[in-house]
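K.L.:
Sending over a structure as structure tokens; questions will come in a sec.
Protein chains: 2
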Amino acid sequence: MELASSDPVRPVGRGRKAQAAVRAATLAELLDRGYADLTVEGVAQRAGVHKTTVYRRWKNRESLVVDALAEHFATDIPIPDTGSVEGDLRALAQALVQSMTSPVGRAVQTAMLSDAGRLPEIAEARRGVLADRFRRAEPVVARAVERGELPADTDPAALFRTLAAPVYFRLLISADQVAEGAENAEDAEGVADETVRVALAAARAGALARARPVTDGEQA
Amino acid sequence: MELASSDPVRPVGRGRKAQAAVRAATLAELLDRGYADLTVEGVAQRAGVHKTTVYRRWKNRESLVVDALAEHFATDIPIPDTGSVEGDLRALAQALVQSMTSPVGRAVQTAMLSDAGRLPEIAEARRGVLADRFRRAEPVVARAVERGELPADTDPAALFRTLAAPVYFRLLISADQVAEGAENAEDAEGVADETVRVALAAARAGALARARPVTDGEQA
């Protein structure tokens, strides 16, 4: 986000515009420098506001980072309804890849896994985001079962985990080139394709069935 | 690692013992504080050596962290040969879970994903570790194909990725309780079980076949 061009004298002021600029600058600083080197001064400078403007609303860099991340996840991945389980899973996988390969998405993911993830508020935010994404698999599975595409006892959480895990693994852990940006669009396509193929094969074979209540308690 | 009790006057000295103590202290500091708050002073104090002893061998905290991580991965996961593909995959998955849930393993993984992962040497070390682990799947797949347990065109890299991704996802990203330690041993078992089931079903269904050379070039 850039400075508000409509207000050239006092760049962004103290109101909502300034807050948006500070949040955007926080994400940009996370992307460029990482959490360890992020400072309130650097964020203020990037946002074009005075340091005291930042401190008026956020008490330290931790609260700044938590707030910027929470705001980012307010807009999330939609629940697809393409008419087939394969189409729905592909849409979910592609949305996940897209969200994780965009510059802001990468900054946010990296920050959540970085030392910032040690903050209880960030760990909590991460759990919230994932729980929300897991829930998005529920209607997809329910419709697939109705259409007779998947076994009735398919566990939506296990299916979403199977779908999402390789995306996270390839983009964050093994850091395939797909993470490098748009010039690798066909690789992003490949990541989504493989994970859809695997998740579907596993679900159809009954490998993603709900845990039976025979054992002591439920599996998460 | 503790101070060498055999040398109570000058705790660990300047030699190999001191170096081992410094590396162990680096991993311990990574575990307790994370990379952002790790200092050469803190490591020296924990190792029971003088700061100058550390600086004699390592020029800064970055080289210290890179060296401690590289040393840790010298001992790695063995290649199983249990007589069945299911047994081999279970052994691989269990070794991975074990390595990632041990305190040192968690410190190392967390460090690699933290801001320390921005260092080119650490990114390189991470790629090396993963490449090595991917190679461990090759003999497992070759034997399974020979025994007629898996399709001949099964891609060992895709199989290992399918096996490892949920382990990384559950232990690092969604941070299931299994990461909290030994009291959750049955959950660790559950993580390994699910990923073996999924990987086997996908491989048997042909969802992990090598990319055919019809398209432009090979998939990684």
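So the sequence lines, in the order shown, correspond to chains Y and B.
Number 88 in the numbering used here belongs to position 99 of the first sequence; there are no gaps in the numbering.
Number 76 in the numbering used here belongs to position 87 of the second sequence; there are no gaps in the numbering.
Virtual Cβ for every residue (Gly too), placed ideally from N, Cα, C.
Is the beta carbon of Y/ILE66 sitting closer than 8 Å to the one on Y/ARG116?
P.N.:
Cβ distance not < 8 Å, so Y/ILE66 and Y/ARG116 don't count as in contact.
K.L.:
Shortest alpha-carbon distance to B/ALA181 belongs to which of B/PRO128, B/ALA198 and B/GLU75?
P.N.:
With distances taken between Cα atoms, B/ALA181 lies closest to B/GLU75.
K.L.:
Taking contact to mean 3 or more Cβ pairs, one atom from each stretch, closer than 8 Å, check whether the segment 188 to 202 of chain B and the segment 139 to 152 of chain B are in contact.
P.N.:
The segment 188 to 202 of chain B, when compared against the segment 139 to 152 of chain B, does touch it at the 8 Å Cβ threshold.
K.L.:
Between B/ALA190, B/VAL11, B/SER163 and B/ASP176, which has its C-alpha nearest B/SER52's C-alpha?
P.N.:
The shortest Cα separation from B/SER52 among B/ALA190, B/VAL11, B/SER163 and B/ASP176 belongs to B/VAL11.
K.L.:
Could you give the distance in angstroms between the alpha-carbon of Y/VAL32 and the alpha-carbon of Y/ASP70?
P.N.:
Roughly 40 Å between the two C-alpha positions.
K.L.:
Assuming Y/ALA100 and Y/VAL54 are in contact, meaning their beta carbons sit under 8 Å apart, how far apart are those beta carbons, in whole angstroms?
P.N.:
Contact flag correct, Cβ pair sits at about 7 Å.
K.L.:
Evaluate Y/SER88 with the Cβ neighbour count: other Cβ atoms within 10 Å of its Cβ, from every protein chain shown; 16 or more gives buried, anything less gives exposed.
P.N.:
So Y/SER88 counts as buried.
K.L.:
Cβ of B/LEU161 within 8 Å of Cβ of B/LEU81?
P.N.:
Against a cut-off of 8 Å, the Cβ pair of B/LEU81 and B/LEU161 comes out as no contact.
K.L.:
Report yes or no: is there a C-beta of chain Y within less than 8 Å of the C-beta of B/LEU108?
P.N.:
No, B/LEU108 does not count as interfacial toward chain Y.
K.L.:
Tell me which residues share the same chain as Y/LYS40 and place their Cβ nearer than 7 Å to its Cβ, disregarding the 5 neighbours each side in the sequence.
P.N.:
Counting only Cβ-Cβ distances below 7 Å, and skipping sequence neighbours, we find VAL29, GLU30 and ALA33.
K.L.:
Measuring alpha carbon to alpha carbon, tell me which of Y/ALA112, Y/PHE158, Y/ALA120 and Y/ALA133 ends up nearest Y/SER73.
P.N.:
When each option's Cα is compared against that of Y/SER73, the closest is Y/ALA133.
K.L.:
Give the straight-line distance between the Cα atoms of Y/LEU189 and Y/ASP21, rounded to the nearest whole angstrom.
P.N.:
Their backbone Cα atoms lie some 37 Å apart in a straight line.
K.L.:
So that I know if they touch, is there some Cβ in chain Y lying closer than 8 Å to that of B/SER163?
P.N.:
Chain Y contact via Cβ: present.
K.L.:
Starting from the N-terminal side, write out each stretch of the alpha helix (DSSP H) that is 4 residues or longer and does not extend beyond the segment 80 to 135 of chain B.
P.N.:
The qualifying runs are 92 to 102, 109 to 124 and 126 to 135.
K.L.:
Helix, strand or coil, according to DSSP, for Y/ARG5 in the structure here?
P.N.:
In the structure shown, Y/ARG5 sits in a helix (DSSP, three-state: H, G or I).
K.L.:
Does the CB of Y/ALA59 have a neighbour CB from chain B at under 8 Å?
P.N.:
By this cut-off, Y/ALA59 is not an interface position.
K.L.:
Need the endpoints of the alpha helix (DSSP H) that B/VAL43 sits in, please.
P.N.:
Looking at the DSSP string, the run of the alpha helix (DSSP H) that includes B/VAL43 is 40 to 46.
K.L.:
In angstroms with no decimal places, state the Cα-to-Cα distance between Y/THR210 and Y/PHE158.
P.N.:
Because chain Y here runs from -10 to 209, residue 210 of chain Y falls outside it and cannot be looked at.
K.L.:
Taking Y/PRO155 as part of the alpha helix (DSSP H), name the residues at either end of that continuous run.
P.N.:
Start and end: 145 to 157.
K.L.:
Tell me whether Y/PHE179 is buried or exposed, calling it buried when 16 or more other Cβ atoms sit within 10 Å of its Cβ.
P.N.:
It is Gly, not Phe, that sits at residue 179 of chain Y in the sequence shown. Looking at its Cβ environment, which holds 16 or more other Cβ atoms inside 10 Å, Y/GLY179 is buried.
K.L.:
Below 8 Å between beta carbons: does that hold for Y/LEU27 and Y/LEU78?
P.N.:
Not in contact: Y/LEU27 and Y/LEU78 (Cβ atoms no closer than 8 Å).
K.L.:
Less than 8 Å between the beta carbons of Y/LEU19 and Y/ALA120, yes or no?
P.N.:
No, they are not a contact pair.
K.L.:
Against Y/PHE158, what residues of chain B qualify as contacts under a CB-to-CB distance less than 8 Å, listed in chain order?
P.N.:
Per Cβ cutoff of 8 Å: ARG150, ALA153, ALA154, TYR157 and PHE158.
K.L.:
Give the interface partners of Y/GLU183 over in chain B, defined as CB-CB distance under 9 Å, in chain order.
P.N.:
The contacting residues are ALA147, ARG150, THR151, ALA196, LEU197 and GLN208.
K.L.:
Compute the beta-carbon to beta-carbon distance between B/ALA14 and B/ARG35, rounded to the nearest angstrom, for a pair I have assumed lies under 8 Å.
P.N.:
Right, the Cβ-Cβ distance comes to about 4 Å (below 8 Å), so this counts as a contact.
K.L.:
Residues of chain B with a CB under 7 Å from the CB of Y/LEU119: which are they?
P.N.:
Simply SER163.
K.L.:
Exposed or buried, B/ALA141, counting other C-beta atoms within 10 Å across all chains shown (16 or more means buried)?
P.N.:
Counting Cβ neighbours within 10 Å, B/ALA141 comes out exposed, since fewer than 16 surround it.
K.L.:
For B/ARG186, go through chain Y and note every residue whose CB falls closer than 7 Å to its CB, in chain order.
P.N.:
Residues of chain Y passing the Cβ test: ALA196.
K.L.:
How would you list, in chain order, the residues of chain B whose beta-carbon sits under 7 Å from the beta-carbon of Y/ALA191?
P.N.:
Chain B residues near Y/ALA191: VAL187, ALA190 and ALA191.
K.L.:
Alpha carbon to alpha carbon, what distance is there between B/LEU108 and B/GLY4?
P.N.:
C-alpha separation (whole angstroms): 27 Å.
K.L.:
Determine, using beta carbons only, whether B/VAL187 and Y/ALA191 come nearer to each other than 8 Å.
P.N.:
Yes, the pair counts as a contact, with Cβ atoms nearer than the cut-off.
K.L.:
Any idea which residues DSSP pairs Y/ALA198 with across the strands?
P.N.:
Paired residues: Y/THR143.
K.L.:
Going by DSSP, what residue range makes up the alpha helix (DSSP H) through Y/SER52?
P.N.:
It spans 50 to 61 - the alpha helix (DSSP H) in which Y/SER52 sits, taken as one unbroken run.
K.L.:
In angstroms with no decimal places, state the Cα-to-Cα distance between Y/LEU139 and Y/VAL130.
P.N.:
Roughly 8 Å between the two C-alpha positions.
K.L.:
Quick check: what's the CA-CA separation for B/PHE149 versus Y/TRP47?
P.N.:
Roughly 44 Å between the two C-alpha positions.
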